[in-house]
Amino acid sequence: MGLAIEAVNLTKVFGIFKAVNNVTLKVEEGVIFGLLGPNGAGKTTTIRMILGLLKPTSGYVKVFGIDVTRERKRALNLVGYMPQQFSLYEDLTVEENLRLYASLYGINGLEAEKRIRELLDELMLAEYRKRPAGKLSGGTRQRLALAAAVVNRPRLLVVDEPTAGVDPPLRRYFWEKFRKLRDEGVTVLVTTHYMDEAENCDKIALMSRGSVAAEGSPLEIKRLAYGGDLLELEIVGNPQPIVEEFGFKVLSSETRGGVEKVTLLVPDASLVLASLTRALERSGVKVVRAYPVPVSLEDAFIRLTASSYSLKR
Amino acid sequence: MGALMALVAKDIKQLLRDPRSLVMVLLMPILVMFMFAAGYGEERGGVVPVAVVNLDGGVVSWQFIEAIRGSGNFRIVGFSPAKEIGIEMVRKSEAYAAIVIPQGFSDSIIAGKSTRIVVVLDASYATVSEIVWQAVAIAVQQFTKIAAEQYSTFNIDVMRETVYGPKVSNLDTFTSVVMGVLLHLVPMSLIAVSISRERERRTFEQLIMTPITSAHIVIGKLLAYSIVTVVDMLVTLGLSVLLLGVSVRGPLMDLTLVSLLLLVCSLSLGLLISAVSRNQLQAYQASIFFFIPSMLFSGFFMPVELLSPFAHAIGKFLPMYYFIRAFKSIQLRGWTLADVAQDCAILAGEALFFLVAAIRMLRLRVE
Ligand SMILES: Nc1ncnc2c1ncn2[C@@H]1O[C@H](COP(=O)(O)OP(=O)(O)O)[C@@H](O)[C@H]1O
Ligand SMILES: [Mg+2]
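Chains as they are written, first to last, in this note's numbering: chain H, 1 to 313; chain W, 1001 to 1367.
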């Protein structure tokens, strides 16, 4: 698999303010890549540089190996973009907007009719086709924006905060849509500041104050945050010798009603769970329960950005 | 080609659906034309209120006063025996001028000696003074003729003949100016805000993510705005000629073509402004700013050739200068397009220059 996006050492300075600082992103084809971070982290600025909408102060970008500034036309034909704010023409109707964008991508006549009908159905817009885009509700607008972004069947879809201010059913619908597109081979670059949504991504990069704080799959990110997985054991007996033998770190332990609850830091919970339990049982410790602790990306993010913050200090 | 046509259609729709631009495009020129015709169409025939100061009181002085009254150009609003009172009336704008007949006026005329009358003018109104001055000269001329016969002195008559005359009405004189303003300022400021409006409404960000070039955007807007404003131009021109009584001596078709050239030139200049300005306000101010030299140095009020060399030099860069020249020549002199071909070529050249500059300056970025 090649790279859909290769962004190297991107930096953007507005006046004296460094909005994006030396960001490198390599997005493989056919994945959902999430760019996460709170408001003001520099997600939109990064995306705009990737798309050639902003000129990087330094660094370079290639999309499917194409330099966007040099071969604009070739690159843009492969890309669809849904900006953070609604950016279609409010005084044109749903259908007029879609027809305009189809034409701008060179899709005309019957082919355009077919594609527009398809999109109207797919995104449940058929009943609004004659309505000016400015008179649509927030959710409908977002669906129209997505329809316009995929009118050219892009190989790379870039969506900037598609779920901000959108009700939960539509949020779920959007993620399903992105997964479906991914399964069809489309690379999706999506930004969000909702950490819980990011579980839907194959890969994520955490941005904080203009830099990438961490990058990897959601699982890798969590491991990175704690230095491994968290495993909780409820036992009766002394686990100390076995835990030491395995070389795991005890993060906390408390005893309640004769049962000791121990939280361990392990490299990979799914790999060690069985063998650890067996070893403990064999040494005469009774294992009541043993389970990996679910960690939220949000916790991981806070840990990661806090540490990078303290490191910078 | 499909992309360009789609952009043209989109811009036309947007123009027609936006009430603000509709008022500016359709209503304003028509209103301006009506106002212009109402204000300039009917001429008062130069009946100027004057004060007469008669320091002589002799019989000839009364003959002279009668000649002034009889010329039909003056309305005598006051007689006074003292020059100061006459001057005061001019100061207070009660009279546009005071005509002072000196002591011994009658004696001098009868004796065949030369004499003089004094005309006190209000210099703060240069054009009015000019009209009064001319009218007095004519009245004096007429009186001299009568006096010459009666008192057997001699007289030289000055006969006035004109080319393209005998007289061009105010309405016809200023039609070129009003058309110039309507065909320059309105389309220019209208299209100047068009790209910054897309930037401010963020539609630009989505638009430039499609594989189109800056030429698509610029030419698309030029075509769309041309189509809408040409209709408007035809209506305005037709209205002036058919309803408001503006006379056109040359071919109407040629006049229309010259107007079209200025229109396209204004739109192109507006696009250049649009391409380089950051927001709508800036674009709007820039188009007003560009309009001012056109007003001053294109022969709106008087031929630039009679102004300073500086003004003349500036004028030669302005589309309006060539338009006024060509338009006046066709309308008032009855020339044809062939006679003003050079002016037209320069207008077309400037339009092309602005257009190419706009395409080159338009950055497909959001910064
Ligand atoms: N055109 C601009 N000029 C100046 N500052 C900007 C500009 N665009 C963004 N910024 C600043 O850069 C920072 C990052 O913004 P942005 O990329 O929009 O963040 P995000 O999308 O993660 O919320 C913010 O502090 C924002 O105020
Ligand atoms: Mg953003």
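Glycine included, each C-beta is placed from N, C-alpha and C at the ideal position.
Taking 7 Å as the threshold, the shortest C-beta distance from I1212 of chain W to chain H falls below it.
Counting along the chain, N97 of chain H sits inside the alpha helix (DSSP H) bounded by residues V94 to L104.
Under the DSSP assignment, N1170 of chain W falls in the alpha helix (DSSP H) whose first and last residues are N1170 to A1192. For G109 of chain H, the secondary structure class from DSSP, reduced to helix, strand or coil, is helix.
If you check the CB distance, A1283 of chain W and I1292 of chain W do not come in under 7 Å. Shown here, M207 of chain H sits in a strand according to DSSP, grouped into three states. Contact of R48 of chain H with chain W by beta-carbon distance below 7 Å involves V1366. DSSP places T255 of chain H in the strand class (E or B) of the three-state scheme. Close partners of G1002 of chain W in chain H (Cβ separation under 7 Å): S103, G106 and N108.
Assigned with DSSP and collapsed to three states, F14 of chain H falls in strand. Taken from the Cβ of K249 of chain H, every heavy atom of ligand 2 lies 6 Å or farther away.
For R1202 of chain W, the C-beta contacts it makes with chain H under 8 Å involve P83, Q85, F86 and S87, in order along the chain. Around the C-beta of E161 of chain H, 16 or more other C-beta atoms lie within 10 Å, and the residue is accordingly described as buried. When DSSP reads this structure, L264 of chain H sits in a beta bridge with H:L231 and H:V250. With contacts defined by Cβ atoms closer than 7 Å, T44 of chain H and Q84 of chain H form a contacting pair. Looking from the CA of I1359 of chain W, the closest CA among W:I1219, W:D1232 and W:Q1285 belongs to W:I1219. The beta carbon of N21 of chain H sits no closer than 7 Å to any beta carbon of chain W.
Judged by the Cβ position, G40 of chain H qualifies as a neighbour of ligand 1 at the 6 Å threshold, a heavy atom of the ligand being closer than this. By the rule that beta-carbons nearer than 7 Å mark a contact, K73 of chain H touches chain W. Between the alpha carbons of E1088 of chain W and F1354 of chain W lies a distance of about 55 Å. As summarised for the stretch 1206-1287 of chain W, there are no continuous beta strand (DSSP E) elements at least 3 residues long confined to that stretch. At least one CB of chain W lies nearer than 7 Å to the CB of N77 of chain H. Burial state of K73 of chain H is exposed, judged by a 10 Å Cβ sphere holding fewer than 16 other Cβ atoms.
A heavy atom of ligand 1 is found nearer than 6 Å to the CB of F14 of chain H. Leaving aside the five residues that flank V1120 of chain W on each side, the residues in its chain whose CB is nearer than 7 Å to its CB run, in chain order, G1086, I1087, V1090, A1097, A1098 and V1100. Excluding its 5 nearest sequence neighbours in each direction, Y101 of chain H has C-beta neighbours in its own chain below 7 Å: A148 and V151, listed in chain order. At a cut-off of 6 Å, the beta-carbon of A164 of chain H does not count as near ligand 1: no heavy atom of the ligand is closer than that. The C-beta separation of G258 of chain H from V236 of chain H comes to about 6 Å, placing the pair in contact by the 8 Å criterion.
In the displayed model, K73 of chain H falls within a helix according to three-state DSSP. Residue burial is scored here from C-beta neighbours: M1233 of chain W has at least 16 other C-beta atoms within 10 angstroms and is therefore classed as buried.
Using a CB distance cut-off of 7 Å, D91 of chain H counts as an interface residue toward chain W. When H:F33, H:V212, H:L76 and H:V158 are compared, the shortest CA-CA separation from T24 of chain H is found for H:V212.
Put simply, the CB of A1357 of chain W is far from chain H, with every gap to its CB atoms at 7 Å or more.
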